[in-house]
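Quick notes on the structure that follows.
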Amino acid sequence: LKYQRVELARSETSAAGQLDLDGSADDHYLDAARDALAVERLASPMLDLIEERSMSWLYEELERPLVSVLARMEENGVGVDVSELRRMRDYLVSEVNRLESEIHLLAGREFNVNSTKQLREVLFDDLGLTPQKKTKTGYSTDAASLEKIRDQHEVVALLLDYREVEKLRSTYGQGLLEATDPDERIRATFNQTVARTGRLSSEEPNLHNIPVRTALGREFRKAFIPQQGYEFLVADYNQIELRVIAHLAEDPGLISAFEAGQDIHNATAASIFGVSVDGVSAEQRSQAKMVSYGLAYGMESYGLAQRLGIATKDASEILESYFAAFPAVKSYMDRIVEETKDKGYTETVFGRRRPIPELSSSNFRVRQAAERQAMNAPIQGLAADVFKIALVAIDAALEQMQSRSRLVLQVHDEVILEVHPDEAETVHELTVTNMRGAAELRVPLEVNIATGPTWADAKA
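Taking my numbering, the leading residue of the sequence shown gets 1221, the next gets one more, and so forth.
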């Protein structure tokens, strides 16, 4: 096996010759030796490649320093209130049982609610509801299909509620308890180089997916607590993806709205729908918000229509109005796709590259998805770079002041610190300063910051 023209495995059985790249070795000591040897062999050619691609700053000044920051965060872990987690788990168990009983009552018989086959029989045979989508195995009972028939029978709403509660119970109610160490802290693994955009992720457990969209899901944040005598400080970037779009596209309308400190979604809605800022309705603001964030992920009219629950034609008109109001954004999107086709990769201002070879695919759907990735990658990539720069800077500032406060968690554009009360003002200031100063964009970087005794309480 070869990688970067370096031979990594031979037929001999010594650690120096046979590398266990899939991690299946029985001898863990030998496995560790093989891993170390692989790194040693690859170091020189990889460093040459990094320099050749002008990525030395990204590696030396950002990604490499970040390794120790994330390692300390993993070692620190984040505190949890085990009694609160148990309370949530027990409540969810009772809710699952209650919903299951009500579903059986409305269906007229008992059945396995988690069985797709039995659910099809109940919904489409017994109750005679109208199926929406057919798969290879039969009519679909996924969430999107159930949403479309919600009004046909009250059991459908209960099924959707059941799924939400059961997901919360299994993944978080029980899952977080199982992930808690004896010292009542959860120590997740942070993935630095998994997401192709450069974004951080976490696993075992995935703390990035702690629910936030529903009131019941948000209850879990009450169970995350600092060590005794400390408080949480939570800081997150305000609309960083939209600010990155304004910066990259150099759109005068977006830039002026951010510089003026306007509610960007209100300002966007006013421009799209041709009304005054004061005259923007809640629905118009919601639609403008969906367009703005959708663009950060390369969303097109069909996707927007699905998210807003409107006709594709209407969604297309909203997008056209957006691009008419902010023409530089459209020009940027078109330009970045063409540049990526020519180069074969996207690149952030800090040198982070994402190869997108699918842009040359003969398959239209594959090529279309690649175009969305080409639009999305520079936006997500720059946002990731900015956040990582801030994380390294905050950690360095804490170390310099020999702080008792420490970084304990990172979730998307949000950083969470455990703060000693004697250092509260200083840590607040250094966090805001380093996040705002992480990069010089054409629009200001703004930070929301709050403190509290739990993660739920420490929300701006």
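Heads up, the beta-carbon is just placed ideally off N, CA and C, and yes, glycines get one too.
In this text, all values refer to a predicted model and were calculated from it rather than measured experimentally.
Give me the DSSP bridge partner(s) of residue i.
i	result
Ala1670	Val1454
Gly1358	Thr1355
Leu1468	Per DSSP, none; premise fails for Leu1468.
Glu1638	Phe1452, Arg1626
Glu1423	Thr1409
Thr1400	Ile1406
Phe1444	Val1300
Val1511	None; Val1511 has no bridge partner.
Val1631	Glu1634
Assuming residue i and residue j are in contact, meaning their beta carbons sit under 8 Å apart, how far apart are those beta carbons, in whole angstroms?
i	j	result
Ala1603	Ile1460	5 Å
Val1652	Leu1637	Wrong, their Cβ atoms sit about 12 Å apart, outside the cutoff.
Asn1654	Ile1614	5 Å
Ala1545	Gly1473	6 Å
Ile1492	Ala1508	6 Å
Ser1625	Glu1643	5 Å
Ser1512	Thr1488	6 Å
His1373	Leu1347	6 Å
Glu1404	Gly1299	6 Å
Ala1658	Ala1610	4 Å
Asn1486	Arg1505	6 Å
Ile1406	Ala1399	5 Å
Sorted by chain position, which residues of the same chain lie with C-beta nearer than 6 Å to residue i's C-beta, five sequence neighbours on each side aside?
i	result
Tyr1359	Arg1340, Phe1344, Pro1351
Leu1524	Gly1514, Ala1535
Arg1527	Met1510
Glu1567	Arg1573
Near residue i, which residues of its chain fall below 7 Å by C-beta distance, leaving aside the five closest residues on each side in sequence?
i	result
Ala1670	Val1454, Ala1678, Lys1679, Ala1680
Ile1270	Ser1276, Tyr1279
Ser1231	Confidence at Ser1231 is low in this model, with a pLDDT of 44, below 50, so its placement is unreliable and no value can be given for it.
Tyr1442	The question names Tyr, but residue 1442 in the sequence shown is Lys. The residues are Glu1304, Thr1674, Ala1676.
Determine the direct distance from the alpha carbon of residue j to that of residue i, and round the result to whole angstroms.
i	j	result
Asp1268	Ser1551	35 Å
Gly1237	Glu1283	Legend: pLDDT at Gly1237 = 48, less than 50; position of this residue unreliable, no value from coordinates given.
Asp1381	Leu1319	8 Å
Leu1221	Gln1600	The predicted model places Leu1221 with a pLDDT of 46, which falls under 50 and marks its position as unreliable; any figure quoted below should be read in that light. Using only the alpha carbons, I get a separation of about 33 Å.
Val1376	Asn1334	14 Å
Ala1594	Leu1579	9 Å
Val1497	Ala1490	5 Å
Val1586	Glu1520	15 Å
Pro1446	Gly1499	43 Å
Ser1322	Val1316	Per the sequence shown, the amino acid found at residue 1322 is Glu instead of Ser. When rounded, the distance between both Cα atoms is 10 Å.
Gln1412	Glu1281	14 Å
Pro1664	Thr1417	22 Å
Ser1234	Glu1260	With a pLDDT of 47 at Ser1234, under the threshold of 50, the predicted position of this residue should be treated as unreliable, though the coordinate-derived value follows. Taking the straight line from one Cα to the other gives about 16 Å.
Gly1564	Ala1327	54 Å
Asp1605	Phe1570	7 Å
Asp1247	Phe1444	38 Å
Val1612	Val1635	11 Å
Arg1389	Gly1529	29 Å
Glu1384	Pro1402	29 Å
Ala1263	Arg1555	36 Å
Asp1466	Ser1421	In the sequence as presented, Asp is not what sits at residue 1466; that position holds Ala. Whole-angstrom Cα-Cα distance: 25 Å.
Arg1433	Ser1476	30 Å
Leu1378	Asn1596	36 Å
Once the 5 residues before and after residue i are set aside, which same chain residues still bring their CB inside 8 Å of it?
i	result
Gly1449	His1640, Pro1641
Leu1427	Val1298, Ile1406, Ala1408, Leu1629, Val1631
Glu1439	Met1308, Ala1676
Next item on the list: Kindly provide the ranges of any alpha helix (DSSP H) runs that are 4 or more residues long and lie completely inside the stretch 1539-1626, ordered along the chain.
Entry: 1547-1563, 1584-1620
Margin query: At 4 residues or longer, what runs of the alpha helix (DSSP H) sit wholly inside the stretch 1282-1339?
Written below: 1284-1296, 1302-1327
Next item on the list: Counting only runs of 3+ residues fully inside the stretch 1467-1505, write out the beta strand (DSSP E) ranges in chain order.
Entry: Counting only runs of 3 or more, we get nothing.
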